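Structure record follows, encoded as structure tokens.
Residue numbers (my numbering): 64 to 241.
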């Protein structure tokens, strides 16, 4: 059967893998009673929990990222293999302070995207905790190759976590429409 005949056969839908996320949602207390912004807070780390898209965009805006259409952000999250969030909670108020996500082929490879920590919470080890949790969950899923894209000013952060630039001379390539 040629490649195209596969797609035009009546039962092709049974042959295509459906994207199902097998990683269970969970929440863990990461830091208890941390003093931030002159308030005592608890910091929680969550895996694959629902995220307020507007709160996520506010977080991304706080670090100067370009505003993205909410509709596209939702599609990106819906198609992510894994999301990890950091929240701080003071009394009944809960706020998103960190986020990262990964896409994957569910077998060998994953790529990490959108790693962000609110500026008020940077340099406290939370980015490292976020990344360690993300990597741990990917390794639990037996993902052996984890890649990411990073701005030059944060390369040392990722190197300290074990990431390498251009291992074995491998170069990333990009295609952009003209």
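Idealized CB from N, CA, C, for every residue including glycine.
Fair warning: this is a prediction, and the values are worked out from it, not measured in the lab.
Straight-line gap, residue i to residue j (C-alpha atoms, nearest Å)
{"i": "residue 106", "j": "residue 210", "result": "27 Å"}
{"i": "residue 98", "j": "residue 104", "result": "6 Å"}
{"i": "residue 111", "j": "residue 136", "result": "15 Å"}
{"i": "residue 170", "j": "residue 131", "result": "29 Å"}
{"i": "residue 229", "j": "residue 212", "result": "12 Å"}
{"i": "residue 223", "j": "residue 191", "result": "9 Å"}
{"i": "residue 194", "j": "residue 102", "result": "25 Å"}
Environment of residue i [buried if 16+ CB atoms lie within 10 Å]
{"i": "residue 233", "result": "exposed"}
{"i": "residue 92", "result": "exposed"}
{"i": "residue 144", "result": "buried"}
{"i": "residue 238", "result": "exposed"}
{"i": "residue 197", "result": "buried"}
{"i": "residue 188", "result": "exposed"}
{"i": "residue 147", "result": "buried"}
{"i": "residue 218", "result": "exposed"}
Anticipated Cβ contact below 8 Å, residue i with residue j, distance rounded
{"i": "residue 133", "j": "residue 116", "result": "5 Å"}
- Item | 3 or more residues per run - each beta strand (DSSP E) lying fully within the segment 144-177 | 145-153, 156-167
- So does the segment 113-126 actually touch the segment 150-170, counting three or more Cβ pairs closer than 8 Å? With three or more CB-CB distances shorter than 8 Å, the segment 113-126 counts as touching the segment 150-170.
- Query: Touching or not, the segment 178-185 and the segment 137-146, by the rule of three or more beta carbon pairs under 8 Å?
  - Reply: no
- In chain order, which alpha helix (DSSP H) runs of at least 4 residues are fully inside the segment 172-215? The qualifying runs are 189-203.
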